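Under our numbering, think of the first position of the sequence shown as 132, with each following residue one higher.
No residue lacks a Cβ here, since even glycine has one placed at the ideal position from N, Cα and C.
The structure presented is a predicted model; accordingly, all values stated were derived computationally and were not measured.
Report on the structure given below.
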Amino acid sequence: MKHIPNILKEYGICTTKGGMTGIVIVTYSRFIAGLNSIAGFYTMQLNYNQQFKMSFLDKLAPDNDNLLQRTELYKNLLVSKGYTSGEATGISNMLIAKSTGVQSELLTIRAIFLIAAIAMAVAFFILILFAVINKIKAARNSND
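Put into structure tokens, the structure is as follows:
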């Protein structure tokens, strides 16, 4: 939240008689900062989703054995259910496209949560580091 210093400055400028107005202004500022933060995460999610879809498209070449096996599996299943060969081919291509979309969404969610987990781990490490530093300073002060 890069807008926190601005919010604190706005609240500090408010007079004591205008307390409710200051709280309302700061609340609006926090709301707008939150919307900007959410928009940033959404943009990052769209970026990762597009990246994973493009990486899947590179693997969907006609000479890919996995693609051919999956297409034949869907096609044979649909033909056994009564679809014609042309309909089965179209539906199997649609099912492969849908599963590719789902896989890219799952990879996107994993990437976003991995970034969040790393950020939380770094923040936790910094908090532990500050606690250790304060403990060392307190031990030095008590020895003096």
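Under the three-state reduction of DSSP, which class applies to residue i: helix, strand or coil?
| i | result |
| --- | --- |
| D194 | coil |
| M132 | Note on M132: pLDDT 49, under 50, position unreliable in the model; the coordinate value appears next. In this structure, M132 counts as coil in the three-state DSSP scheme. |
In whole angstroms, give me the CA-to-CA distance for residue i and residue j.
| i | j | result |
| --- | --- | --- |
| A248 | A254 | 10 Å |
| S273 | A262 | 16 Å |
| S160 | Y173 | 20 Å |
| I156 | N180 | 36 Å |
| I240 | R271 | 46 Å |
| F278 | D189 | This structure gives no information on residue 278, because the portion of the chain shown stretches from 132 to 275. |
| Y205 | N178 | 30 Å |
| E203 | A164 | 51 Å |
| Q176 | L191 | 23 Å |
| F183 | L199 | 21 Å |
Assuming residue i and residue j form a contact by the criterion Cβ under 8 Å, report the distance between their Cβ atoms to the nearest whole angstrom.
| i | j | result |
| --- | --- | --- |
| L276 | S223 | In the structure displayed, the chain extends from 132 to 275; residue 276 sits before or after that span and is not available. |
Quick one: is the Cβ of residue i within less than 7 Å of any heavy atom of the ligand SAM?
| i | result |
| --- | --- |
| A269 | The model depicted lacks the ligand SAM and carries no ligand whatsoever. |
Item to check | Completely contained alpha helix (DSSP H) runs for the stretch 213-252, where each covers 4 or more residues | outcome: The DSSP assignment places no complete alpha helix (DSSP H) segment of no fewer than 4 residues inside the stretch 213-252.
Checklist entry - Residue ranges of each beta strand (DSSP E) run of no fewer than 3 residues wholly in the stretch 159-183, ordered along the chain? => result Taking only runs of at least 3 residues, no beta strand (DSSP E) segment lies wholly in the stretch 159-183.
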